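Residue 262 is where the sequence shown starts when you use my numbering, and the numbers rise one by one after that.
All remarks here apply to the structure that follows.
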Amino acid sequence: MGSHRYEKLYTSEAEEPRESFSSLLFFHQMSDVFKTGSERTLDEKDFLPLSEEHTSLSNTKKLQKKWNDEIAKSQESGRRPKLWKSVLKTISAREVAIIIFAEALNFLDRMIQPLLLAYLVSALSSDDRRHTLITYGVAVAMGVSPLIGAFGFHHRAYCSELFGIKVRSALKGLVYIKTLLLSKDTLVNVSSGRVIDLISNDVQRMVEAAFWFFPLTYVWLDIFLASFILVFFIGWQAVMGLIFLCVLVPYYAELSSMNALMCQRAAAETDQRLSLITEVVSGIRAIKAYAWESGYREKIRTKRRKEIGIIRRNTSVLSCIATLEYTSAPIATLLSIISLMLTGQPLTPSSVFLILSYVNILKRSVCSELAQGFLKTYEAYVSLSRIEDYLLLENLPLTPPYRLTEKKGYVERSPDILESPKNNLVDFTEATYDKNTNSRNDSERQENLRVSSLTHEQTKRKDTFILQDVEFDTVLKSFTAVTGPVGSGKSTLLSAIAGELSNVSGTISFSGTFVYVPQTAWVFSGTVRENILFGQPYDAIRYARTTEVCALDEDIRKFPNEDQTYVGERGVTLSGGQRARISLARAVYLDVDLYLLDDPLSAVDLNVSQHIMKNCIKGLLGNKTRLIAAHQEEHLKEADQVIALYEGRVLGKGKFFELQERGILNGSDRTVHHKVPKEIKLESGNNEKIVKGEDGMAQLVNEEKDFEISEEDRNSGNMSSKLYWNYFRSGISTLSIFATICFFLIAQGILVAPNVWLAFLVKEPPEEQGYQSTLIIYGCLVSASVVFVYVRAAVFFLVSLRCSERLHDKMVVAFLQAPMLFFDSNPEGRILNRFSMDIGCIDEILPPKFLLSIQLLLLLLTTFILPTVANPWLLIVFIPVAVLVCFITKYYLKTSRELKRLEVASRSPVLSHLAETMNGLDTIRTRRRQRAFEDKFYRHQDLHNQRSVMFKQGARWLAVRLSLLSCLLVIVVAIASILMSQDAAFAGLSLAYIIQAVVLTQITVRELADVETFMASVEQVMAYTKLDPEPGYKQEQLPPAQWPNEGNITLQDFSLTYYPGGPQVLKGINVSIKGGTKIGVAGRTGAGKSSIVAGLMRMPDPDGQVIVDGIKLKDLSIQAARRFISVLGQSPVIFGGPLRKNLDFEEQFEDADLWRVLEDVQLRDFVEKLDGRLNYELLEQGSNISVGERQLICLARVLLQRNQIVILDEPTANVDPDTEKTIWQVVRKMLKNSTVIIIAHRLHTIQDCDKILVFHDGNVSEYDSLDEASKYLV
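Next up, the structure:
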């Protein structure tokens, strides 16, 4: 969110170059792109600019207006607003006119072509072999007419596809805007997987739906006019086949409805699977630490089986549709032929092929366009309904008057009666902060913060109010601290004041600007400076002062590019303390009147904490009103007023010592301060090293290689045949593949057989045409074609799903076993793209596309084989045309593949940005940075749109050129039939098939190209199945029984590097820890304390040796080794699902054990009040409980395991002193025989430890008793 500008992707109408009519007609604008693509790999400068009408911003605002209008109308009429109505209203009159005109040309061709064929066959049937110019004119017209129709079809299709891309883009924009409008308590009940699914798979259906929707409006004209022509020229008997096709319409509607229902059920399962994947990505360190990979693999596989089961049941519906698409024409022709025979009408070549031609046309209209139109429209309707449900969630009350606005007198907010649109989507405006007009220069207009009768109830907790009748005032420019036990409502109170909760009653009043710093620090992808400025103008003096008071100067100096250093997604290159300080600096730089700070100092050590308290909170912000949630006694003593909360109520207010005297507050808090030993010299200048952060992530420094976010893999060149082979081999055996190919060929032969038999039938004398045996053979051939084509489709769908299921399973295994560097260097959106868009493509898009392309290819081969059998001289033309088609296709595919790969890659930034926004929503919203993040979302989406539009343009560029060749071929075959006086029956059959080639050739090549481009998803998934696992997974040796029985730990030359070329964050450490001892680990933030945890857990594998009870950890299976070491990190990790599964994931303990450990960590009373108690459903990341409660649950999980080696990384940072005291008593009691390593900032936490291990800059500066180590600890 920096101040830099992105390159403009689009052009306005005034800037767009005017193209000639022929250029537009032939899509010539893509010719230069294909020329460039054939010579080298495409890059950004080769792309065509995106027209303004196709930008995400313009399309989103257009749909947003229609949707808000629909909401307003629905409120007046008392009905539910319909998103599909708003979508349809976005189509412009110009688009409608283009579609109507283009389709009119295609419609005229469809109706005229059979008449031309009938005339030509009739002329060939006559005894007069002298053909007139009219006959030759008809032959030429048979090529020109489909060319005109092809132009109409391609431009109608292109216009429809562009409309679909615009709708997709607009819907993504609406979902993103809605996400920015949802309250915190509403959003926690919406799984992230659901939002990801909406913005990936659901919106993608709009592109396909738009292509197939418009034919639904004019298919009926085909049926009416074709029926009229057949009755006029042949009689009512010919219409019997058409009646059969019309009967299929409600059948297709029912099948489409069933398919839509299945898609809806599958989408619900997909939501859950993606939510699970999202949780795994965010909690992968905890999963690996507890060795839960197998359990999560099975959990994901179970969700996947349910999803695949629904999709598999849907294959019968898709198989029926695919079968009728190819067999309805033979059935309809059979019915018409039988009707003619039973009424005594002879079969003539002209009448038969007139029927066959119109039946083929109506087969395409009804069984292809109508069937697919119903299918895709129903699917789109279901997806729109899902998006509609999301858009109709109640909004957070719109920006309260006191929030981020210039002070214009006294403002009061009553959240329970505040009027605001509940569902409307709004335009965001940026907050502006002018420090020259800030309230500090006009203090008489400021008012105190007053909170009165503030109440917030958590509906899923029995009779529990998170906040209840909270009342307090703050004196202007005072420092107020809010404290209380875990779950008392501190964070909820600050969040309510910030306006982040919707179901709040009471009154909050304040005149002035404010900023809110949430408890969980949020850092976005960008530079350090961009994160601090957060869109504000750069003021060098204020910026320097901000970084100094937030204790960031030393850290910034160590970064390779100082404050221009890029921090990865979720701030992966920063420690927990650095993230917390950057989050605080972002607020301090803003210079507002009221600062709401939610426990901002819990992640830093004492000297940093004291520095920030003295120079920042009490110094730079001394003339501001400050409301801070805190536990630490030294912070409470500094406050002008302390508000003590208990179970959502105010227990007391006053000075710290007053509350202590009244018995409301007590406790002591001593903190570790690391003093650098004299013998260790601080490095400076170019020799600065980097250290490891509190959360185990590498911090970057000057000398070493910079940490980089990896670029998404972009393969180039052809999709190799090996890729296709590996795809099918992932699901079935080699023998099964060859058997399937043979069956496909046999089925195609049987499909063509009825028409070949019909060609022989019309050559028979009229009296022999009606033989019963003849009709029985004809009927049997038609019946056999139905059976074989159905089985062909069903087998292919089942094979494809089996391949998809196996690939997904392999990807999950590889993904769970991948090293931590993979997760740190790959954005979350990229990983989610594999499991959402790519798997969705392999599940739902690729199989029908693949089947269609194979069937079309076989039909196209038949189209060329039959005419050459009837007239071998046509090979003279067919071979050069086939060579030319292959050349053009190869030329096209070289660039098309690149465009598709780029289009696929451009989806990931969209998903990453959405995930990042959801993580930092409260910060974005309270700072009113929605517009900036919305604009960034549009930029990412515009890149995707640009590549999508070019890909569609490229497909039409190819289609037009292949249509030209096909039309030329029709003319050649027609004229050859005349010149060689070919038999009328076989001439008619040849022409009937070759006319299909006009459409078939370009459709077949386009579908084959689509398959190849969709195989990019298979390619990406297969790349993930081959991820290198952590080295320890290759070790199969298990430890002895009862290991470790003592807990002795020896580190020999123990060094750690987090990424190739990176710095050593631990440097040749040699330490021995006796089993059963308690070791305290101290040192400044970034000294390497948490790196010792990462090394012991082999995340990543360290250099040197770790020996536990005489066994080297590197010799053991990595999962087996991790199971015997319990780790509680500083940041608690909670997974969605029942509370009992968070405590006992592998179900090894009884309920009594769970209740006992909950009582030990002071959570029993809390859990007993929850709905379902141990079965209470925790939301993703434990978002429906407080941070302190999450940390206690994680501690209970560790205590429950009773391992011989336990590592506690500042486990009580987010709990109150009383709870902390009780917890440490429990730890000392329950883990008295275990080896316990305690990483701490506060002295009292480690004062009972047997030895203290002091770190500085990756080295051990002291390892001795507390008395000796106190020389280095203040």
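Note that beta-carbon positions come from the ideal geometry of N, C-alpha and C, so glycine has one too.
All of these numbers come straight from a predicted model, not from anything done at the bench.
At least three beta-carbon pairs within less than 8 Å, the stretch 834-845 to the stretch 766-773
The answer is no - the stretch 766-773 does not touch the stretch 834-845, with fewer than three Cβ pairs under 8 Å.
Secondary structure of Pro1088, DSSP reduced to three states
It is coil, neither helix nor strand.
According to DSSP, which residues form a beta bridge with Thr302?
Note: Thr302 sits in no beta bridge, so no partner.
Considering just the uninterrupted stretch of the alpha helix (DSSP H) at Glu749, what are its terminal residues?
Sequence inspection shows Ser at residue 749; the Glu mentioned does not correspond to that position. It is not in any alpha helix (DSSP H) - Ser749 carries neither H nor E in the DSSP assignment.
Look up Asp866 in the DSSP assignment and say whether it is helix, strand or coil.
In this structure, DSSP gives Asp866 a state outside helix and strand, which the three-state scheme calls coil.
So Val1422 packs on Leu1456, CB below 8 Å; how close in whole Å?
Yes, Val1422 and Leu1456 are in contact; Cβ-Cβ is about 5 Å, under 8 Å.
Report yes if the C-beta distance between Leu794 and Tyr850 is below 8 Å; otherwise report no.
Taking 8 Å as the Cβ cut-off, Leu794 and Tyr850 qualify as a contacting pair.
Can you tell me the Cα-Cα spacing of Pro1109 and Gln1380, whole angstroms?
Whole-angstrom Cα-Cα distance: 41 Å.
I'd like the list of long-range same chain contacts for Ser870, defined as Cβ closer than 6 Å, with 5 residues on each side in sequence excluded.
So the list reads Leu862, once near-sequence residues are dropped.
Are the beta-carbon atoms of Val743 and Ala890 separated by less than 8 Å?
Result yes, Cβ atoms of Val743 and Ala890 sit closer than 8 Å.
Does the stretch 1231-1238 come into contact with the stretch 398-405, if we say contact requires no fewer than three beta-carbon pairs (one atom in each stretch) closer than 8 Å?
The stretch 398-405 and the stretch 1231-1238 touch, with three or more beta-carbon pairs separated by less than 8 Å.
Quick one: what's got a C-beta closer than 8 Å to Phe1084's C-beta in the same chain, skipping five residues either side?
Taken in chain order, the residues that qualify are Val542, Ile545, Ile1092.
Would you kindly work out how many angstroms separate the C-alpha atoms of Ala1413 and Gln1462, rounded to a whole number?
Ala1413 and Gln1462: Cα-Cα distance of roughly 14 Å.
Are the Cβ atoms of Lys637 and Glu364 separated by less than 8 Å?
Glu364 sits away from Lys637, with the two beta carbons spaced by 8 Å or more.
Would you call the stretch 630-644 in contact with the stretch 474-491, where contact means no fewer than 3 C-beta pairs closer than 8 Å?
The stretch 630-644 is in contact with the stretch 474-491.
Arg711 (DSSP reduced to helix, strand or coil):
Looking at Arg711 - three-state DSSP - the assignment turns out to be strand.
Can you tell me the Cα-Cα spacing of Leu1415 and Val1369, whole angstroms?
If I take the Cα positions, the gap works out to 29 Å.
Asp1544 to Ile1466, Cα distance in whole Å?
In the structure as shown, the chain begins at 262 and stops at 1535. Residue 1544 is therefore absent and cannot be evaluated.
According to the neighbour-count rule (16 or more other Cβ atoms, all chains shown, within 10 Å of its Cβ), is Gly1090 buried or exposed?
With 16 or more other CB atoms across the displayed protein chains lying within 10 angstroms of its CB, Gly1090 is buried.
Where the beta strand (DSSP E) through Thr588 begins and ends:
Membership of Thr588 in any beta strand (DSSP E) is not indicated; the residue belongs instead to the alpha helix (DSSP H) covering 554-603.
Which word fits Trp783, buried or exposed, when buried means at least 16 other C-beta atoms lie within 10 angstroms of its C-beta?
With a 10 Å radius around the Cβ and a threshold of 16 neighbouring Cβ atoms, Trp783 comes out buried.
Quick one, are the C-beta atoms of Tyr856 and Val776 less than 8 Å apart?
The Cβ atoms of Tyr856 and Val776 sit closer than 8 Å to each other.
Sort Ala1045, Asp1314, Thr316, Gly1390 by Cα distance to Lys433 and report the nearest one.
Here the closest residue by C-alpha is Thr316.
Cβ of Gln1325 within 8 Å of Cβ of Ser1333?
In this structure, Ser1333 does not lie closer than 8 Å to Gln1325 by Cβ.
Ile545, DSSP secondary structure in three states
In this structure, Ile545 counts as helix in the three-state DSSP scheme.
Quick test of your reading: Cys420 and Ile359, contact by CB under 8 Å. State the CB separation rounded to the nearest angstrom.
So it is a contact: roughly 5 Å between Cβ atoms.
How about the stretch 404-416 and the stretch 367-381: do they share at least three Cβ pairs that are nearer than 8 Å?
Enough Cβ pairs lie closer than 8 Å, so yes.
Using the Cα positions of Thr690 and Ile572, report the straight-line distance between them to the nearest angstrom.
Its pLDDT being 44, under 50, Thr690 is placed unreliably by the model, and the measurement read from it follows with that caveat. Roughly 44 Å separates the two Cα atoms.
Thinking Lys567 and Glu530 are a contact (beta carbons under 8 Å), I'd like their distance in whole angstroms, please.
Confirmed, about 5 Å.
Nearest-angstrom Cα distance between Ser1313 and Glu1441?
Per the sequence shown, the amino acid found at residue 1313 is Gln instead of Ser. Roughly 40 Å between the two C-alpha positions.
Less than 7 Å separating the Cβ of Asn1445 from some heavy atom of the ligand MG?
Summarising the ligand content, the structure contains no ligands, and the ligand MG is consequently not present.
Please list, in chain order, all residues of the same chain as Ala1501 whose beta carbon is under 8 Å from its beta carbon, the five residues on each side excluded.
Correct list, in chain order: Val933, Gly1341, Val1342, Ala1343, Glu1471, Ile1507.
For Cys1064, count the other beta carbons within 10 Å of its own beta carbon; 16 or more makes it buried, fewer makes it exposed. Which is it?
By the neighbour-count criterion, in which a residue is buried when 16 or more other Cβ atoms sit within 10 angstroms of its Cβ, Cys1064 is buried.
Quick one: Cα of Arg664 to Cα of Ala759, how far?
Its pLDDT being 37, under 50, Arg664 is placed unreliably by the model, and nothing is read from it.
Between the alpha carbons of Val810 and Ala801, how many angstroms are there, rounded?
Rounded to the nearest angstrom, the two C-alpha atoms are 14 Å apart.
Determine the DSSP secondary structure at Ser1352, reduced to helix, strand or coil.
DSSP, reduced to helix, strand and coil, places Ser1352 within a helical segment of the structure shown.
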